[in-house]
Structure formats: C-alpha cells, structure tokens
Amino acid sequence: MFYRTRLSNPLRMGYQAVSFYSTNSQIPSSTRFRSKVFGKYLIVTNTVGSGILLAIGDAGAQQYESLGEKKAFDYSRSGSMMVTGLVIGPVQHSFYLLLDRVLPGTNRWGILHKILADQLIMSPAYIFLVFYLSSLLEGKTIMECNAELSEKFLFTWMLDCCIWPGLQFLNFRYFKFLYRVVFINLASCMYIVLLSYIKHSYSKT
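Read left to right, the sequence shown gives residues 44 to 248 (our numbering).
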C-alpha cells in the first residue's frame, strides 16, 4: 500500500515512511528502530547526542588539563556542558532543517552557500551559546560572561573557520538531512575537547 501511494510533498512522504516502518510487523526491528531514531524522533536524537558529546568533550579536556598534575574531575562542569548541549541540539536541528529548505541544492555553488551560512550564522551562534550558557550554569555573572566572550570569541571563531568548512563540504555534499547533525556531533568530538579547553583553561594573557 505504501509503495502505490504517490505524494508530491517529500516531507509527507518521509512521514508516511516513518509510519509504515513503525506499524508494519514484517519490517525488521532494527529498521523500525532506525526509522524512529532518524525519522519521527530525529530532534530527540540530535538533542541528546549534542548533550552527551559536549559532556564527553569536556571530560576529555579535563583529562588533558590534569596531565602532569593531580586535579579532581569536575563533574558539575561536565554537567553544565551537557545541559548546554541539550539546549544547542534543537537549535542546530532547526537551523540545518531551515538551511535545506532555503538552499536545497547539492551542487558546488549550493554547497558553498550553505558553508558560508553555517560559518557566518550557526558557528558564531554555537560558540556564543557554549560560552554563555555553560558560564551561567557554572555560576558566573553576566559581566564575567561578557569578559570571557570578548577575550575568546574571535580566536575561537577563527579556529572554527580553519576546521569546519572542509568537514561541512562533506556533510552537505554526501549526507542527507537525517544524518547531518549526527555527522557534525561525531566530527565535533575532538573539536569539543579543544573548545572546552579554550573555554575553561586557555588565556591569551
């Protein structure tokens, strides 16, 4: 019945696919699970993944910071980063969904436009949210958040511009929207370690 249905709207087709996979008992359970994780509950997947990876990245940064010296692991710091990731996850999900609607092409110029939009809009927003939200959760004042952001934002964004355009080319060129934030989160593993180190330990003075 599903394969005889013709839909002009690809978003409706995707919804029908999720419904089909979730209700047809002949579909393997692993396939039904993937259809939910990367379909009906995609925003949950992206949100939880973002929170977990920010916490893991911060844990890695803390391990690096403790090399050569005994330093107790700061669970509250990693917890703050996890909460920050849970907030950022829906923002990223919505941004890349909108980006695919506004710039649907996957040719060279379409990908270039997406990369520019990502670096000029999402990247600054991501850095701002990581620095500001995690600092507020750690108990810093607005003045302290502003001072930290003023000191570290430009350096962090320039570093971001050196790392992400190439990765985003692969992302926009070869991955569907369903897996886009997942790819970003996985590619972010080392970047988040670096970002957390800059956030908590790096100083230009």
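For each residue, glycine too, the CB sits at the ideal point set by N, CA and C. These figures come from a predicted structure and were not determined experimentally.
May I ask which residues mark the beginning and end of the alpha helix (DSSP H) holding residue i?
i    : result
K157 : R151 to A160
E194 : I185 to Y217
A104 : L85 to E108
Taking the alpha carbon of residue i as the reference point, which residue from the options has its own alpha carbon closest?
i    : options                   : result
P167 : G128, M124, L197 and Q211 : L197
K157 : L213, Y118 and A102       : L213
C204 : K242, Y234 and I95        : Y234
R144 : L237, S109, F215 and L179 : F215
A98  : S109, Q135 and R120       : R120
R151 : C232, N89 and G209        : G209
S178 : S109, Q105, G122 and S93  : G122
S137 : E194, N89, K195 and F218  : N89
P133 : K183, L85, M186 and Y240  : L85
W207 : Y217, L176 and D161       : D161
T127 : I95, I227 and K195        : I95
K219 : F116, L129, I154 and K195 : I154
L129 : M201, E191 and L180       : L180
If you reduce the DSSP assignment to three classes, tell me which class residue i lands in.
i    : result
L179 : helix
S231 : helix
P133 : helix
A168 : helix
G122 : helix
D117 : coil
S239 : helix
G128 : helix
L146 : coil
E112 : coil
With 16 other CB atoms within 10 Å as the buried threshold, where does residue i fall?
i    : result
Y118 : exposed
T199 : buried
S68  : Note that S68 scores a pLDDT of 46, beneath 50, so its modelled location is shaky; the value from the coordinates is reported in the next line. Flag for S68 reads exposed.
L229 : exposed
K113 : exposed
L163 : exposed
Q106 : exposed
L142 : buried
A104 : buried
Y217 : exposed
A115 : exposed
Y64  : Here Y64 scores only 40 on pLDDT, less than 50, and its place in the model is too uncertain to base an answer on.
Below 7 angstroms, is the gap between the Cβ of residue i and the nearest heavy atom of the ligand SAH?
i   : result
Y84 : The ligand content of the structure shown is nil, which means the ligand SAH is not present either.
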